[in-house]
Every structure is written in structure tokens, then in C-alpha cells.
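Enquirer: The letter at position 139 of the sequence shown is residue 139 when you use the working numbering, and the numbering goes up by one with no holes. Even glycine gets a Cβ: it sits at the ideal position worked out from N, Cα and C. Please read these numbers as outputs of a predicted model, since none were measured by experiment. To start, I am sharing the structure in question, which I have written as C-alpha cells.
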Amino acid sequence: MSVAPGERRLVIGPNGAGKTTLFNLITGDLKPSAGRIALNGMDITTIAKRKRAHMGLARTYQILHVFPSETIIDHVVLALLGLLPLRWNPFADLRKASAVREEAMEVVRSVGLENVASRRASETSYGERRRLELAMALAQRPRLLLLDEPLAGLSIEERQVVVGVLNAIPREVTIVMIEHDMDVALDFADSITVLNFGEVVVEGTRSEVVSHPRTKEIYFVD
């Protein structure tokens, strides 16, 4: 599987196909038993997970990971901190780091959460926490963004908001997305990869993939 710079790639397949496992291999959460992983032309197969993040790799998760007692803005400040030398200063008061907080607020605005920036995560809706996780990933200034079901559990209105955020991400950022909301995801993607039992079985444009008999057999079957 190869993804071009700036591409919007959708990865689909039935439960257990290996979609999240693929992401875990790319990020270094899992070690591959064979093959290699390259990012921007560099072999990262044996590079530590933390170093991959500094190479421009960010992701969201199928299950939300946020700190309930922390505010929206502080979550994004924390995400930014991972990229800055300031993280090595144990005495730094992040409440006074105005430049960092201003940049964090810009990211918060980009996902439409400026009106709840000072709220604790526990005081926000599920849809807002979904956008918070996306903001934390974007704050890491990724070149490759992996999205694991970013629309899962959202209402129709919330999905429209998130899709608007995704469409506004510049093409300098390559996006690979796992998603089960086919109507939205198919419109978003430039190309689609169908996985089944850990193997790529179909790959191509929307029309090529949707009309392919193997796709209908393993994914669109009633």
C-alpha cells in the first residue's frame, strides 16, 4: 500500500480486516513481523514510536483519549508542548506561555471549539471531544494524519461540522482515514483501499472500488 503526498486515502473493510492494526504498525504501537514502513521516503520500520511523532506523524483513535479534568485549551497546549524545547523545563508555567497558548487557540478555532475552550473535557459533549482529539493531532503539525473513525458516534449535524474541518486541512497534510460512514467517507477520499484479513484486496477510485465484485463480496454484502 502506497499513499502519495497530499492524498486523501480511505481505508475500509469489515470488522477484523486489520484497519486499526495497520495504523498501529505505522505509528509503532505494533512491530511488524515482515515488510517495511516508509514515511516521506525514509524507512521507519525500526524507529521508536516517539520519534515518529517528531517526523510529522499524528493520529486519532477509535476510542477517545482525553483528560476529563483538563480544559480544551490545556489539552491542545499539551499537544503543542511535545514539539517545543519548553517541554524540558520543569519549572515552566504554561499559563504564562502566551505564544504557546495563542497558537493553541488558533488550533482550537480551526475545529470550531473556541466557545468551549475554557471548559473541562468532562463538561463537553461527545462530539466536542471528538473535535478536541482532532485538534490535538493537528497541533502536532503533522505531515501524515491518521484518522481512526473520526465520525463514529456523531449526529448528522456533528458529522457535517467535522467534515468541514477535515476539508479545510491543507493539502500539505496527507490524510489516511478509516471510516464506516460510507456516504461521507467516499466523498472525502481521492482513493480507497479495501482490506480483508490483513490484505489489500481492492484499491482505486470510488467508482472502481464500489463497482468491484470483491468489494461487494466482502463489504457491501447484505
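1. Ignore the nearest five residues each way along the sequence and tell me which others in residue 131's own chain have a CB closer than 8 Å to its CB.
2. Is residue 223 helix, strand or coil when you go by DSSP?
3. What did DSSP end up calling residue 151 once you bin it into helix, strand or coil?
4. Touch check for the region 42-53 and the region 115-128: three-plus C-beta pairs under 8 Å?
5. For residue 196, count neighbouring C-beta atoms within 10 Å of its own C-beta (all shown protein chains included) and say buried if the count is 16 or more, exposed if not.
6. For residue 32 and residue 18, I'd like the C-alpha separation in whole angstroms.
7. According to DSSP, which residues form a beta bridge with residue 127?
8. Can you list, in chain order, the residues of its chain whose CB lies under 6 Å from that of residue 9, leaving out five sequence neighbours each side?
9. I'd like the span of the alpha helix (DSSP H) that includes residue 159, first residue to last.
10. Confirm, please, whether the CB-CB distance from residue 57 to residue 5 is below 8 Å.
11. Near residue 7, what residues of its chain come up, given a Cβ to Cβ distance below 7 Å and the 5 sequence neighbours on each side ignored?
12. As a quick exercise: from 209, 15, 167, pick the residue whose alpha carbon is nearest that of residue 134.
13. Could you say which of 217, 103, 185, 24 lies nearest to residue 49 if we only look at CA atoms?
14. Measure the alpha-carbon distance for residue 21 versus residue 118 and round it to whole angstroms.
15. Do residue 203 and residue 215 come within 8 Å of each other at the CB atom, strictly closer than that value?
16. Specify the secondary structure class of residue 172 as computed by DSSP and reduced to three states.
17. Quick one, which of 205, 218, 184 has its alpha-carbon nearest residue 155's?
18. Taking only three categories from DSSP, how would you classify residue 58?
19. Between the C-alpha atoms of residue 64 and residue 205, what's the straight-line distance to the nearest angstrom?
Expert: Let me spell this out:
1. 111, 112, 113, 161, 162, 165
2. Only positions 1 to 222 of the chain appear in the structure, and residue 223 is not among them; the question remains open.
3. coil
4. no
5. buried
6. 13 Å
7. DSSP, once it has assigned bridges, lists no residue as partnering residue 127.
8. 3, 176, 191
9. 156-168
10. no
11. 174, 190, 191
12. 167
13. 24
14. 35 Å
15. no
16. coil
17. 184
18. strand
19. 30 Å
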